[in-house]
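Everything on this sheet refers to the single structure shown next.
Protein chains: 2
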Amino acid sequence: MDEQEDNRQQFNVRPIGIVHRPGSDAIPGLFFDPDQESMIVIDSLWESALTGIEEYSHLVVLFWLDRAERPENAPELFQPDGRDNLPSVGLFATRTPRRPNPIGMACPRLIRRDGNCLHVRGIDAWDGTPVVDIKGYAPRDDIRADAQVPKWLDRLWKTHDEERAARG
Amino acid sequence: MDEQEDNRQQFNVRPIGIVHRPGSDAIPGLFFDPDQESMIVIDSLWESALTGIEEYSHLVVLFWLDRAERPENAPELFQPDGRDNLPSVGLFATRTPRRPNPIGMACPRLIRRDGNCLHVRGIDAWDGTPVVDIKGYAPRDDIRADAQVPKWLDRLWKTHDEERAARG
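In the order they appear, the protein sequences are chains A and B. Here our numbering is used: the first residue of the first sequence is 1, the next is one more, and so on. Here our numbering is used: the first residue of the second sequence is 1, the next is one more, and so on.
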C-alpha cells in the first residue's frame with residue numbers, strides 16, 4: 001500500500017447478512033442464471049429494519065465480493081471476459097469483481113419476505129457472500145431508460161445469449 | 001456494539017476519489033437538483049482504470065455517506081422524509097443515509113471525462129463525499145422496467161414534485 005493510500009481516511013463495512021444459494025459453488029464456470037432463486041438472510045439484529053421492504057417488487061442489493069483479489073493500484077488494461085475480440089479497458093469500465101472496493105450490485109426481483117429472509121430471483125453472487133446494504137429499487141432514481149453502453153458490451157451480451165442458447 | 005457484531009468479519013473500504021460539488025453545502029435544506037452538474041475526481045492512483053468508462057452514457061456511483069450517523073442496531077420504524085401522512089417503515093425500505101453501512105448510490109449521466117475527472121449530472125451527494133466505486137450503467141443488469149414501489153413512495157414523489165414546482 002503506497003503513501004497516498006495510507007494517508008486517506010478508511011471506512012469499515014459490517015455485513016448485515018449473507019446470500020444463501022445452495023449448490024451454486026458446485027457449478028464449474030458458473031454462468032449467471034437469471035431465473036435461479038436464492039435467499040438473502042439478514043442478521044436478526046437488523047430484521048425489524050426490513051419492515052415495508054416487501055412492498056417493493058425489486059431490490060438493490062450491495063454485497064462484498066469477499067473471494068475476489070483486491071488490486072492495490074490500477075492493473076493493466078484488459079479485455080473484458082478474457083475475449084480477444086474485445087478492446088482493452090480499465091476495471092471501472094467492467095463489472096469485474098477485482099475492484100479497489102469489491103462491492104457487487106444486483107437488482108433482483110423480490111419474490112417474498114419471510115421474517116429476516118428475502119427470497120429473490122436474479123442475484124449474481126456466490127453462496128455465503130456477505131451482504132452490506134439493501135434498498136428498495138426505485139424506478140425514478142434507478143432507471144436510466146436512455147442509457148447507452150460501449151459497442152463491445154452490446155457484442156458481449158449477444159455472445160453470452162448465443163452461448164446460453166447453445167447450451168440449451 | 002453487541003457480540004453478534006463483534007464476532008463477524010469486517011471489511012475495509014478505501015475511497016478512490018471524491019465528489020466535488022462547489023456550493024452545495026451552502027444551500028440550507030438542500031434539495032436534490034437533478035440538473036446540477038458536479039464532478040467526481042478520482043485519485044491519480046486509479047486514473048488509468050477509468051479507460052473506456054467514457055463510452056457509457058451513465059454511471060453507477062457508490063459513495064460513502066461520511067456525515068451520516070450510523071446505527072448500531074435497527075432503529076425504531078419511522079415515517080419517510082419525516083412526513084406524518086406516510087406509514088412507518090424500516091430503514092431498508094427507505095434511502096435514508098442512516099444505514100448500517102452508509103453507502104449511497106446514484107446513476108448520473110456522464111457528461112464527459114477529463115483524465116481523472118468525471119463530469120456528471122444527477123448525483124445526490126454533498127461536496128467532499130468519498131467515492132468508493134464506479135461502474136458503467138448497464139441497462140440489461142440495472143433497468144427493472146416493471147418495478148413497483150410502495151404506494152407511499154409514489155405519494156412522496158408527487159409531493160416532492162409539487163413542492164419543487166411551488167418553489168419555481
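C-beta atoms are modelled at their ideal positions from N, C-alpha and C, and glycine is treated no differently.
Hey, residue i and residue j: beta-carbon distance below 7 angstroms or not?
{"i": "Gly-122 of chain A", "j": "Arg-109 of chain A", "result": "yes"}
{"i": "Val-131 of chain B", "j": "Ile-40 of chain B", "result": "yes"}
{"i": "Glu-55 of chain B", "j": "Pro-150 of chain A", "result": "yes"}
{"i": "Asp-171 of chain B", "j": "Leu-65 of chain B", "result": "In the structure as shown, chain B starts at 1 and stops at 168, and residue 171 of chain B therefore has no counterpart that could be examined."}
{"i": "Phe-11 of chain A", "j": "Val-13 of chain B", "result": "yes"}
{"i": "Arg-144 of chain A", "j": "His-58 of chain B", "result": "yes"}
{"i": "Asp-127 of chain B", "j": "Arg-21 of chain B", "result": "yes"}
{"i": "Tyr-137 of chain A", "j": "Ala-147 of chain B", "result": "yes"}
{"i": "Lys-135 of chain A", "j": "Val-60 of chain A", "result": "yes"}
Per DSSP, what are the beta-bridge partners of residue i in this structure?
{"i": "Gly-136 of chain B", "result": "B:Leu-59"}
{"i": "Ala-106 of chain B", "result": "B:Val-61"}
{"i": "Pro-75 of chain B", "result": "The partner list for Pro-75 of chain B (beta bridge, DSSP) is empty, contrary to what the question assumes."}
{"i": "His-20 of chain B", "result": "B:Met-39"}
{"i": "Asn-12 of chain A", "result": "B:Asn-12"}
{"i": "Asp-114 of chain A", "result": "A:Cys-117"}
{"i": "Pro-130 of chain A", "result": "A:Ile-18"}
{"i": "Val-89 of chain A", "result": "A:Phe-78"}
By the criterion of Cβ-Cβ separation under 9 angstroms, what are the contact partners of residue i in chain A?
{"i": "Gln-10 of chain B", "result": "Asn-12, Val-13, Arg-14, Pro-15"}
{"i": "Cys-107 of chain B", "result": "Asp-141, Asp-142, Ile-143, Arg-144, Ala-147"}
Run through chain A and tell me which residues come within less than 7 angstroms of residue i, C-beta to C-beta.
{"i": "His-173 of chain B", "result": "What is shown of chain B runs 1 to 168, which leaves residue 173 of chain B out entirely."}
{"i": "Thr-51 of chain B", "result": "Leu-77, Val-89, Gly-90, Ala-93"}
{"i": "Leu-62 of chain B", "result": "Ile-103"}
{"i": "Trp-157 of chain B", "result": "Arg-140"}
For residue i, go through chain B and note every residue whose CB falls closer than 9 angstroms to its CB, in chain order.
{"i": "Ile-123 of chain A", "result": "Per Cβ cutoff of 9 angstroms: no residues; Ile-123 of chain A is ~11 angstroms from chain B at best."}
{"i": "Gly-82 of chain A", "result": "Here the premise fails: no neighbours, minimum Cβ distance about 16 angstroms."}
{"i": "Val-132 of chain A", "result": "Phe-11, Pro-100, Asn-101, Ile-103"}
Tell me which residues share the same chain as residue i and place their Cβ nearer than 7 angstroms to its Cβ, disregarding the 5 neighbours each side in the sequence.
{"i": "Trp-152 of chain A", "result": "Pro-80, Leu-86, Pro-87"}
{"i": "Ala-68 of chain A", "result": "Pro-97, Arg-98, Pro-102"}
{"i": "Pro-15 of chain B", "result": "Trp-64, Pro-130, Val-131, Val-132"}
{"i": "Glu-163 of chain A", "result": "none"}
With a threshold of 8 angstroms on Cβ separation, who are the neighbours of residue i within its own chain once the five nearest residues in sequence on each side are excluded?
{"i": "Asn-222 of chain B", "result": "Nothing in the structure corresponds to residue 222 of chain B, since chain B is present only between 1 and 168."}
{"i": "Leu-77 of chain A", "result": "Ser-88, Val-89, Gly-90"}
{"i": "Glu-37 of chain A", "result": "Ile-111, His-119, Val-120, Arg-121"}
{"i": "Leu-156 of chain A", "result": "Pro-80, Asp-81, Arg-83, Leu-86"}
For residue i, go through chain B and note every residue whose CB falls closer than 7 angstroms to its CB, in chain order.
{"i": "Leu-86 of chain A", "result": "Neighbours of Leu-86 of chain A on chain B: none; closest Cβ ~10 angstroms, over 7 angstroms."}
{"i": "Ala-147 of chain A", "result": "Ser-57, His-58, Tyr-137, Pro-139"}
Within the same chain, show all residues whose beta-carbon is closer than 6 angstroms to that of residue i, passing over the 5 residues directly before and after it, in chain order.
{"i": "Thr-94 of chain B", "result": "Pro-80"}
What residues from chain B crowd round residue i, counting only those whose CB sits closer than 8 angstroms?
{"i": "Trp-46 of chain A", "result": "Asn-73, Ala-74, Phe-92, Pro-100"}
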